[in-house]
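First residue of the sequence shown: 1, per my numbering; consecutive thereafter.
For glycine and all other residues, C-beta sits at the position ideal for the given N, C-alpha and C.
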Amino acid sequence: MGPGDRAYRPQLTMRNLADALHRALAGFPPGATALIDARGTLDARELLDEVSRESRWLAASGAQRFGLLADNGRGWAITDLALLTAGRAMVPLPQHFGARQLRHALDSAGVDAVLSDEPGRLLELEAGFAIRGQRAGTGLTLLTRGRDRLAAVALPPGTLKVTYTSGSTAEPKGVCLGDATLAAVATSIASVGRRLGLRRHLCLLPLATLLENVAGLYAAWLAGACCDLGAGAAGAIARGSLTPGILLGEIDRAAPESMILVPELLRILEAAATRGWTAAGAKFIAVGGARVAPELLERATAAGLPVFEGYGLSECGSVVSLNLPGASRPGTAGRPLPHAALRVDARGEIHVAGSIMAGYVGDRAAPAEVATGDLGELDEAGYLRVSGRIKNQIITSLGRNLSPEWIESELCAEPAIGQAVVFGEARERLVALLAPAHAGLPAAAVAAAVERANLRLPAYARVSRHHLLREPLSAAAGLLTANGRPRRERILAQHGAIIESLCLEDERAHLTA
Numbered sequence: 001m002g003p004g005d006r007a008y009r010p011q012l013t014m015r016n017l018a019d020a021l022h023r024a025l026a027g028f029p030p031g032a033t034a035l036i037d038a039r040g041t042l043d044a045r046e047l048l049d050e051v052s053r054e055s056r057w058l059a060a061s062g063a064q065r066f067g068l069l070a071d072n073g074r075g076w077a078i079t080d081l082a083l084l085t086a087g088r089a090m091v092p093l094p095q096h097f098g099a100r101q102l103r104h105a106l107d108s109a110g111v112d113a114v115l116s117d118e119p120g121r122l123l124e125l126e127a128g129f130a131i132r133g134q135r136a137g138t139g140l141t142l143l144t145r146g147r148d149r150l151a152a153v154a155l156p157p158g159t160l161k162v163t164y165t166s167g168s169t170a171e172p173k174g175v176c177l178g179d180a181t182l183a184a185v186a187t188s189i190a191s192v193g194r195r196l197g198l199r200r201h202l203c204l205l206p207l208a209t210l211l212e213n214v215a216g217l218y219a220a221w222l223a224g225a226c227c228d229l230g231a232g233a234a235g236a237i238a239r240g241s242l243t244p245g246i247l248l249g250e251i252d253r254a255a256p257e258s259m260i261l262v263p264e265l266l267r268i269l270e271a272a273a274t275r276g277w278t279a280a281g282a283k284f285i286a287v288g289g290a291r292v293a294p295e296l297l298e299r300a301t302a303a304g305l306p307v308f309e310g311y312g313l314s315e316c317g318s319v320v321s322l323n324l325p326g327a328s329r330p331g332t333a334g335r336p337l338p339h340a341a342l343r344v345d346a347r348g349e350i351h352v353a354g355s356i357m358a359g360y361v362g363d364r365a366a367p368a369e370v371a372t373g374d375l376g377e378l379d380e381a382g383y384l385r386v387s388g389r390i391k392n393q394i395i396t397s398l399g400r401n402l403s404p405e406w407i408e409s410e411l412c413a414e415p416a417i418g419q420a421v422v423f424g425e426a427r428e429r430l431v432a433l434l435a436p437a438h439a440g441l442p443a444a445a446v447a448a449a450v451e452r453a454n455l456r457l458p459a460y461a462r463v464s465r466h467h468l469l470r471e472p473l474s475a476a477a478g479l480l481t482a483n484g485r486p487r488r489e490r491i492l493a494q495h496g497a498i499i500e501s502l503c504l505e506d507e508r509a510h511l512t513a
C-alpha cells in the first residue's frame, strides 16, 4: 500500500504530531500571531516558549495521566500541546458533563491530575484531588491525587488522547487515540486549509470536542493559520446559554476565513444571512456532528455562506469524509479523506478503516476497522450519503423502517423550527417534539412549518402530531450531546407521557375519521 491507497495508514513515530506542530509553528513569520483568546494574542515564538515552560512544570508534578477541564483559551491550547510534546495521555473533559460523568471519566481512564479553570468542580467530586498550584502562563489550576487511589487502568499502547463520547448514559465510552491517527487526520484537514489559503480559523466549538481540537486547532496550525479561540461563544455552547447575538458577534469580531459548525449553529447563521448579515471573509465553513437537510444547505449557500458538509466520529479521530470546493455533492457528506477507507456492508452499515482508534479504555488490541453504527451508501462517484443511526431506526406498525434523523433534518430546515425529535416505534404514524426557533413564535407558524416539511416527505414519513416544548433541549440538561444530537432515551424518559398522549390522540382521530 502507498499514499494513494485509501486504506493507507502512515508509518509515524511517537510524538510525530507534536513534532509537526512545533515545526509548523516555528515556521510562522517572525511576530506572526498564532493564537488569539480573551486575554490577547500570542505569536508563534511566544506560544512555543509557553509550551516549553508548561511541559517542564507538568513533568515536575510526577503525574502520569492528565485531565483538562476548561473553557477555550490559551490555557487549553498550551496544556494540550505540552502534553503531546511530553507523550503523556490527556483526557479532555467536556464542561457540560455532570458530576457523575466527570467522576466516571476520571476514574475509568486512571487520571491522577487535572488542569482546570473550575477547580471547585473537581474538589466537589470528593475524588481525592487536592490543589497543587497554578502557572500564570495558562491561568489553569493543577489538581492531583495519589495513584494508590486508582485501580490499574489499561490503555491501549500508544494512547495520547482519551476522548469520551457523548453517550446516552452516565457512563460514556472512552475512545483512545494514538499519535498516528491524530496526525493523519489533522494532516488531511491541514492540506485542505493550505490548498484554500485559509489563514485564520475561529474555534466556535469547545476544544474538548474532538472535532474542533483536531480539525480546528491542530489542522489550522499545521496549515500555518492563526487560531482564534473565541471570547465566549464556545463556553456559552458548553453551558447551553448560546444566543444568536453571542454567535454572530463572535464571528463579526474575529472575521475568520474558516469555522466548524454543528447544524444548530448553521441554522442561526442562515437565518441571519437571509436578513442581510454577512460572514465577512469566510471561505470555508465545515458542518458536521449530525445530518443536515439539503434544503438548509441550499439556503445557506444561496445566502452567501460557503458551507460544506462532512462526516466523522470520535473512533476515527474525528473527520472521515468532507465536501470541498470543486468536489461537492449536496445531500452527501463528501468523499473520504486520504487517511480513511470506507465500505458499506450488506445491511447498509458504514465501516471505516485506515486511521482509527487504538481501542476503548480497557482494550489491549486495536480493531482492524470501526463499525460506525451509521447507515449510509457510497454513490458511483465515491460520495458518502449518511441516513442515520442503526439503533435509532423506527419500525412502524406498517413495517416501514425509518431513520428519524432524515425527518428531523427536514423539519429543522424550516426557519420556524429550532429542534425536532421524532418518535413512532410500533405506531402507524409519527409524532414529534418541537422547539420553536425563537421564543414567542406563534404555534400556528410552527404548525405551518410542519406542513411544509411534510410536503417534502413521503406519506409514510410525515409527522401526524407534534408538541411544542416550553424550553429548548440542551446538553446542560443532559438531553443533547455536545454536537447537538438528541439523547433519545433520556428525552423519552422525561417526555414519555407527552409522546404517548400524542400517539393516542392520533390513533383516536384516525379511528373516528
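| Asked | Found |
| --- | --- |
| Which listed residue (Leu177, Ala461, Asp228, Ala420) has its alpha carbon closest to that of Leu479 | Ala420 |
| For Arg335, three-class secondary structure by DSSP | strand |
| Spatial neighbours of Pro119 in its chain, beta-carbon cut-off 7 angstroms, leaving aside the 5 residues before and after | Ile131, Thr141, Leu143 |
| For Gly496, three-class secondary structure by DSSP | helix |
| Exposure label - Tyr218; buried when at least 16 CB within 10 Å | buried |
| 8 angstroms Cβ cutoff met for Ala272 and Cys412 | no |
| Beta bridge counterpart(s) of Ser108 as assigned by DSSP | Paired residue(s): none; Ser108 is not in a bridge. |
| Where Asn392 falls: helix, strand or coil (DSSP) | helix |
| Expected contact under 8 angstroms - CB spacing of Ala300 and Arg485 to nearest Å | Rounded, the Cβ-Cβ distance is 20 angstroms, inconsistent with contact. |
| Contacting residues, own chain, Cβ-Cβ under 7 angstroms from Leu468 (five flanking each side not counted) | Leu434, Pro436, Ala443, Val446 |
| Anticipated Cβ contact below 8 angstroms, Pro336 with Ser314, distance rounded | Contact flag wrong, Cβ pair sits at about 17 angstroms. |
| Contacts around Ile394, its chain only, beta-carbon distance under 7 angstroms, and the 5 residues preceding and following it disregarded | Leu402, Pro404, Gly424, Glu425 |
| Range covered by the alpha helix (DSSP H) that runs through Val214 | Segment: none, Val214 is in no alpha helix (DSSP H) and carries neither H nor E. |
| Local Cβ density within 10 Å of Tyr460, reported as buried at 16 or more and exposed below that | exposed |
| Proximal residues to Arg145 (C-beta, below 6 angstroms), its chain only, five neighbours per side dropped | Asp112, Gly128, Phe129 |
| Bridge-paired residues (DSSP) for Asp37 | Gly40 |
| Other residues of its chain near Asp5: CB distance less than 6 angstroms, five sequence neighbours each side excluded | Low confidence applies here, because Asp5 scores a pLDDT of 34, under 50, leaving its location unreliable and the question unanswered by this model. |
| Top-ranked residue by Cα proximity to Ala220, from Ile237, Leu204, Arg199 | Arg199 |
| Length of the line joining the Cα atoms of Gln494 and Arg487 | 11 angstroms |
| Distance, Arg121 Cα to Gly174 Cα | 21 angstroms |
| Buried or exposed by the 16-neighbour rule on C-beta atoms within 10 Å, applied to Gln95 | buried |
| Counted within 10 angstroms of its Cβ, other Cβ atoms place Leu375 as buried (16 or more) or exposed | buried |
| CA-to-CA distance, Ala105 to Ala225, given in whole angstroms | 32 angstroms |
| Coarse secondary structure for Ser55, derived from DSSP in three states | helix |
| Residue burial classification, Ser397 (beta-carbon count within 10 angstroms, cutoff 16) | exposed |
| Beta-carbon spacing of Leu17, Leu182 below 8 angstroms | yes |
| Beta-carbon proximity check, Arg65 vs Ala109, cutoff 8 angstroms | yes |
| Cα-Cα separation between Ala63 and Ala86, rounded to whole angstroms | 12 angstroms |
| Inter-residue CB distance, Val463 and Ile407 (contact presumed, cutoff 8 angstroms) | 7 angstroms |
| Helix, strand or coil at Asp345 according to DSSP, with G and I counted as helix | coil |
| Cutoff 7 angstroms; reference Arg364; Cβ partners in own chain excluding five residues on either side | Ala154, Pro156 |
| Straight-line gap, Gly310 to Thr41 (C-alpha atoms, nearest Å) | 30 angstroms |
| Contacting residues, own chain, Cβ-Cβ under 8 angstroms from Ala497 (five flanking each side not counted) | none |
| Residue of Asp71, Glu250, Ala303, Asp252 minimising C-alpha distance to Thr209 | Asp71 |
| Segment limits, alpha helix (DSSP H) that includes Ser474 | Element bounds for Ser474: n/a, residue is neither H nor E. |
| Simplified DSSP state of Gly245, which is helix, strand or coil | helix |
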